[in-house]
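Note sheet for the following structure.
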Amino acid sequence: QPTLALSTCPIAMASGVAPRHVDLRPFVLQGANGARVVPGGLTRVAMTEKSLVVNSSQGGGTKDTWVIDDAWSAEEAMGQA
Numbered sequence: 163q164p165t166l167a168l169s170t171c172p173i174a175m176a177s178g179v180a181p182r183h184v185d186l187r188p189f190v191l192q193g194a195n196g197a198r199v200v201p202g203g204l205t206r207v208a209m210t211e212k213s214l215v216v217n218s219s220q221g222g223g224t225k226d227t228w229v230i231d232d233a234w235s236a237e238e239a240m241g242q243a
């Protein structure tokens, strides 16, 4: 299986801010009003410099990723609004 090129982003580390490889796992909610993509997701992070390992079972880490959006409401997406 070919290795994919991952994006990098600045990560807050104990020693300061450093670039790390990341991938984003988005989520979709299904409710009474249909499906809606959540504005954000789970970002998987390589914890060491130049590493492409982002899965937690092999030493990667995770961070929540949120996108601020006034129009989005979890209650509305789940049909509870």
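If you read the sequence shown in the working numbering, its first letter stands for residue 163, the second for the next number, and so on. Cβ coordinates follow ideal geometry from the N, Cα and C atoms, glycine included.
- prompt: Between the beta-carbon of Val216 and the beta-carbon of Val229, is there less than 8 Å?
  reply: Contact: no.
query: Would you report the Cα separation of Pro181 and Thr170, rounded to the nearest angstrom?
result: Cα to Cα, Pro181 sits roughly 6 Å from Thr170.
message: My assumption, with CB atoms under 8 Å, is that Gly202 sits in contact with Thr227. Please give the rounded CB distance.
response: Sure, about 5 Å apart at Cβ, within 8 Å.
Span separating the alpha-carbon of Lys225 from that of Leu204: Taken atom to atom, the span from the alpha-carbon of Lys225 to that of Leu204 is near 6 Å.
- prompt: Can you name the start and end residues of the beta strand (DSSP E) that Lys225 belongs to?
  reply: Segment 223 to 228, the beta strand (DSSP E) holding Lys225.
message: At the level of alpha carbons, what is the spacing between Gln192 and Val200?
response: Distance between the alpha carbons of Gln192 and Val200: 10 Å.
- prompt: Per DSSP, what kind of secondary structure is Gln192 in: helix, strand or coil?
  reply: Strand.
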